[in-house]
Amino acid sequence: FPELFTDYERRCADRTIRDWHPDAWEAIQGKRLKPGESHEKDRRAFERDHASDWIVISAIRCDQHAGMTECVATLGGDRAAPEQRRYLVPSDEYHVGRFGFVIDGARHRLYDGPSSFIGWNR
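Take 7 as the starting number for the sequence shown in the working numbering and just add one per residue.
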């Protein structure tokens with residue numbers, strides 16, 4: 007019953023289905039969504055591409071090191087992962103990003119010193 011909805015409402019519905027149910031949208035439309043056309047497909051691609059990378063799951067300005075952000079990261083950004091690592095990232099470099107911040111092991115220092123996180127246990 008598309009005639010019951012305004013053009014705006016149809017565009018909103020299309021955007022919602024593309025973003026959150028891309029497989030259904032592709033099946034209905036008979037087209038493949040490109041990168042950037044679906045939030046969910048982009049998230050899946052990010053998770054696939056960075057499954058073995060350390061992704062920040064929590065961050066705080068570091069009280070012990072001026073200009074640095076203390077980050078807690080897990081492999082693939084899995085919040086349920088048993089292993090967590092802390093890194094120091096320059097604050098001017100750290101940004102949340104669309105799906106998370108990827109630690110660059112060559113540039114971001116693994117950190118095991120005093121923590122700015124309340125209750126952090128080493």
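Note that CB positions come from ideal geometry on N, CA and C, so glycine has one too.
Buried or exposed for residue i, going by 16 or more other Cβ atoms inside 10 Å?
i: G103; result: exposed
i: L94; result: buried
i: P8; result: exposed
i: F5; result: Because the chain spans 7 through 128 in this model, residue 5 falls outside it and cannot be assessed.
i: W26; result: exposed
i: A65; result: buried
i: T80; result: buried
i: F52; result: buried
i: C18; result: exposed
i: G83; result: buried
i: H114; result: buried
i: R85; result: exposed
Which residues does DSSP pair with residue i in a beta bridge?
i: V116; result: Note that residue 116 is Leu in the sequence shown here, rather than Val. DSSP lists Y93 as partners of L116.
When you compare each of the options to residue i by their alpha carbons, which one comes out closest?
i: G73; options: V62, I61, R50, S97; result: S97
i: I109; options: S58, E43, E32, H27; result: S58
i: P41; options: A86, Q35, R49; result: R49
i: I61; options: H71, E76, C68; result: E76
Quick check on residue i - is its C-beta less than 8 Å from some C-beta in chain B?
i: A51; result: Of the protein chains in the structure, only one exists, and it is not chain B.
**Asked** Hey, which unbroken runs of the alpha helix (DSSP H) at 4 residues or more fall wholly within the stretch 44-114?
**Response** 45-55
**Prompt:** Should the stretch 32-40 be called in touch with the stretch 76-96, which here means at least 3 C-beta pairs below 8 Å?
**Reply:** no
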